[in-house]
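Engineer: Per this note's numbering, the sequence shown starts with residue -1, numbered consecutively. Beta carbons are placed, not taken as given, at the ideal position from N, Cα and C, and that holds for glycine. Could you have a look at this structure, given as structure tokens, before my questions?
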Amino acid sequence: GYRIDLEIDPALSHTRGILSTANTGRPTSDGSQFFIMYETSEFLDGKYSIFGELVSGMETLAAFEAVSNQFDGPPTESLKLMTASIEVESANP
């Protein structure tokens, strides 16, 4: 496997629709696993690298949220993300 360093931008916050890397709690443990925010969770800011946001498909996020079991364990139904597209926005326009 591989690991990348934690990348924090203080201007970004974990709000609904944000994509962020999962890690083991160590600053060099980010990898390919990610999560999508259902709601604002400021306690994650500074601990996980934000790398994107949903620009469409909020209805899909709502459908995922409806079957999730986020506080008591795994989702109550199987959830699959079948397609995704990436739009790259230059940091230096």
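Do E40 and S11 have their beta-carbon atoms positioned less than 8 Å apart in this structure?
Structural biologist: yes
Engineer: Which residues share a DSSP beta bridge with L77?
Structural biologist: DSSP, once it has assigned bridges, lists no residue as partnering L77.
Engineer: Any idea if M35 is buried or exposed, counting beta-carbon neighbours within 10 angstroms, 16 or more meaning buried?
Structural biologist: buried
Engineer: Tell me the rounded alpha-carbon separation between L79 and V65.
Structural biologist: Taking the straight line from one Cα to the other gives about 14 Å.
Engineer: Alpha carbon to alpha carbon, how far is Q31 from L17? Give it in angstroms, no decimals.
Structural biologist: Rounded to the nearest angstrom, the two C-alpha atoms are 10 Å apart.
Engineer: Applying the 10 Å Cβ sphere with the 16-neighbour rule, what's the burial state of D28?
Structural biologist: buried
Engineer: Between S54 and A60, what straight-line distance do the alpha-carbon atoms span, to the nearest angstrom?
Structural biologist: 12 Å
Engineer: Determine the direct distance from the alpha carbon of P8 to that of R24, and round the result to whole angstroms.
Structural biologist: Whole-angstrom Cα-Cα distance: 18 Å.
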